[in-house]
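Data block below; observations after.
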DNA sequence: CGCCGTTTGTATAGTGGTTGAACTTATTAA
DNA sequence: TTAATAAGTTCAACCACTATACAAACGGCG
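Residue numbers (full-length UniProt numbering), protein chains in the order written: chain C, 1 to 404; chain Y, 1 to 404.
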């Protein structure tokens, strides 16, 4: 914004422009197609494509016999041997790692179920680093260079300028002010709130038209409730990176006390524990929360248990009230139910839509879409990995500079 | 975003860069200062400044005798004869116009108190056009060219691509689907929600450090309650331009019925009518709302009327609950009380801050500033005028192209 | 089969904007 | 008066893009 623009930046921009055009196209494009679509001349596109091919980001396909007269075009596509992203996740009851290539395809994935609640943060970080090393080894075996890593954490993160960051607080992990280094071995490492990364994953997965820049809010119902806000196709992080704290929107100012100190937070109405409690399921079982709790809710709902159906309706209503606030403020055009809300969507969508219809001021002439997450529970790790390749695609020049 | 970058765009960017540097500096800068600050070479800055001076955007000051050895610098400043912006406002009980020059200084202002409620939209538009013509005449008399006009309306606006727009609904004016033309005589005309423009005005007026890119939410308490959201120094409009509908955030799902059809909207707790009602002031007086109503509230509060103090505290609490939701979602670092909330700030700030302290999840380590609007009731018109010069400063090349 | 029209991709000269170094100008310090 | 210093200008060089021309690879047609 405040930096001067030289000829070099011009090339950087146009490299990204060409790469994005190829990446977001459903079918392989020719150089001429790209030129027509971007407004650059074919000559310029040629030199740009040469750079991108030399850097291993694009590859030429075998000349497809296309219809029509004239010299046949050589198709361009994202290179399957191009740089890939390493996604990592630390969550309450599991660790995960995943490798995606330039196209976003998952090439490798590991999940390890380990309870992190009583584990010191350094141990958890060491364990996830081990997982990362395993994943990296697989990538190396397939001759895939890794461009970087992103770590998803269920907490409030302050990112440092040079990568890494501080996890200010992660209530469900019991973390406070945990520093995450900027490097994972050789790799640059970014730390980010899990809901933000899941929203990024959803951004690519849920969008039928890759050219659009959608605005939506992704609600992540894990043990806590978080959200990732995507505005005009871009993740919104907030002034300090703490945006999207959805779980503590007030539903009833005089409602039940929340562990955050306030009263009537959304988590007390639509959190997993709250749903179980409202359905009359005793929480004495220590495995009541987490995946076991979710299973329980799902099974009871499927069996038609009236108490559970009522609890889910109440949760959906509360969720809808909070979402209406978000939509009124942000004017997004879609709401994505993610995390454990995704499998519960059949029971949540109706009450959520009802609240949105009455409480959103523009509801009369503009409907807000409510849909479950397209990626499901893997949204977070996959989103983390894709956030890395997203950066590569957005700034190809930076990657090319690292190559010989 | 999706457009190619040529050498020409490069120049456009750097022109804007230089101009912004001069505009946001407290003291006059020399070409050398600008070069050092931007990272461009002095040679480049010279040619850029030449263009800006020729186009009437910058002017050279008399060489100020500065300290130190070496050739004295010639100061650069925004030209007082440069293009200015025409701000217009249609509100419930008045029309306003205002002319600001490049530095944002108000050069001329007209307010005409006319009730617009029972007036057909075309009449109101014609009246404001008349006001605009008067203001333009004054500007012409002072040899000030006008770059464009912006019209503030208390309603939901869909902007058209080429200027102008449709006022989808303006409840307090009684407007529905009113088309506003893209031109006001010769001038390009933009239509925008009043709170958004007031937020833009506040952005320049309220920020001590002009280099910063603040994030705040401006709450406009006119007859209805609206808000303008500024994220990282940029106005956020939402996917369709309907962001910031603050007045209809839910305070109590089972609260009193709102004219929007929902229950328990903020307007029912912190709107002018609601405050008067809560204080036991009969609303039979047709002039109860509007400036008279505000006066009434203020006088009663100043005289220490216990009912009114209680009503204001309740309004502040409701406002605080809604603002906590906004801050949790958006992670802004300030809240500005504008419109009629500005004069009521002495009674509102405390309850608002209390709610923010308990309900904002990051309150423990990061305080949100709560302050009254710096511009007061003129924020909207002035913001509208400044939004025009804002565009000129951000895209000087477009203005230069219109000049001989 | 050979020619023409068509489209793709490349080569080459030209243009515009920035850089870097040398140069001029104006002032202070000695 | 001279040296030092900083501001602003001039000019050749460079770089990325455009425009134009041209080579390459195909289908269609006589």
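We put the CB at the ideal spot given by N, CA and C, even for glycine.
Any Cβ of chain C closer than 8 Å to the Cβ of residue 175(Y) would place that residue at the interface, and such an atom is absent.
For the 8 Å CB-CB criterion, residue 159(Y) and residue 223(Y) do not form a contact. In the three-state reduction of the DSSP assignment, residue 94(Y) falls in the coil class.
Cβ proximity to chain C below 7 Å picks out 321, 324, 325, 326, 328, 329, 330, 331, 332, 333 from the segment 304-334 of chain Y. Our two residues, residue 138(C) and residue 384(Y), have alpha carbons roughly 58 Å apart in a direct line.
Excluding sequence positions up to five before and after residue 312(C), its CB lies within less than 7 Å of the CB of 275, 301, 344, 347, 348, all in the same chain and listed in chain order.
In summary, residue 140(C) is exposed, with fewer than 16 beta-carbon neighbours lying within 10 Å of its beta-carbon over all protein chains present. Remark: C-beta atoms of residue 136(C) and residue 163(C) do not approach each other more closely than 8 Å. Assigned with DSSP and collapsed to three states, residue 249(Y) falls in coil, not helix or strand.
Non-local C-beta neighbours of residue 176(Y) in its own chain, meaning closer than 7 Å and more than five positions away in sequence, comprise 169, ordered along the chain.
Bounds of the alpha helix (DSSP H) holding residue 306(Y) are 306-330. Under the Cβ criterion of 8 Å, residue 261(C) is counted among the residues facing chain Y. Short of 6 Å from the beta carbon of residue 250(C), and not among the five residues preceding or following it, lie these beta carbons of its own chain, in chain order: 264.
Distance from the Cα of residue 360(Y) is smallest, within the candidate group 49(Y), 55(Y), 325(Y), for 325(Y). Per DSSP, the unbroken beta strand (DSSP E) holding residue 188(Y) starts and ends at 187-193.
Fully contained in the segment 7-82 of chain Y are the following alpha helix (DSSP H) runs of length 4 or more, in chain order: 7-23, 31-38, 42-54. Here the alpha carbons of residue 392(C) and residue 15(C) stand approximately 11 Å from one another. Taking a beta-carbon distance threshold of 8 Å, residue 14(Y) counts as an interface residue toward chain C.
Along the length of the segment 212-271 of chain C, whole alpha helix (DSSP H) runs at least 4 residues long occupy 267-270, reported in chain order.
Within the DSSP bridge table, the entry for residue 165(Y) names 159(Y), 180(Y) as partners. Close to residue 215(C), with beta-carbon spacing below 8 Å, are these residues of chain Y in chain order: 238, 239.
Taking a C-beta cut-off of 7 Å against chain C, none of the residues of the segment 180-204 of chain Y qualify.
Residues of chain Y with a Cβ closer than 8 Å to the Cβ of residue 165(C) do not exist, since the nearest Cβ in that chain sits about 15 Å away.
In this structure, the alpha-carbon of residue 339(C) lies about 21 Å from that of residue 330(Y). Counting C-beta atoms within 10 angstroms of its own C-beta, residue 186(C) has fewer than 16 neighbours from the protein chains shown and is therefore classed as exposed.
Note on residue 130(C): under 16 other CB atoms within 10 angstroms of its CB, so exposed under the neighbour-count rule.
Residue 363(Y) carries a coil assignment under DSSP once its states are collapsed to helix, strand and coil. Apart from sequence neighbours up to five positions away, the residues of its chain that approach residue 204(C) with a beta-carbon distance below 7 Å are 104, 386, ordered along the chain. In the displayed model, residue 375(Y) falls within coil according to three-state DSSP, outside both helix and strand. For the pair residue 353(Y) and residue 132(Y), the Cα-to-Cα distance works out to about 40 Å. Of the candidates 351(C), 212(C), 148(C), 228(C), 148(C) places its Cα closest to the Cα of residue 390(C).
DSSP places residue 334(Y) inside the beta strand (DSSP E), whose first and last residues are 334-339. Taking a 10 Å sphere around the C-beta of residue 44(Y), we find 16 or more other C-beta atoms and assign the residue as buried. Taking 8 Å as the cut-off, the beta carbon of residue 334(C) is found closer than this to the beta carbon of residue 368(C). The Cβ atoms of residue 82(C) and residue 48(C) do not sit closer than 8 Å to each other.
Membership of residue 138(C) in the alpha helix (DSSP H) is indicated by the continuous run 121-141.
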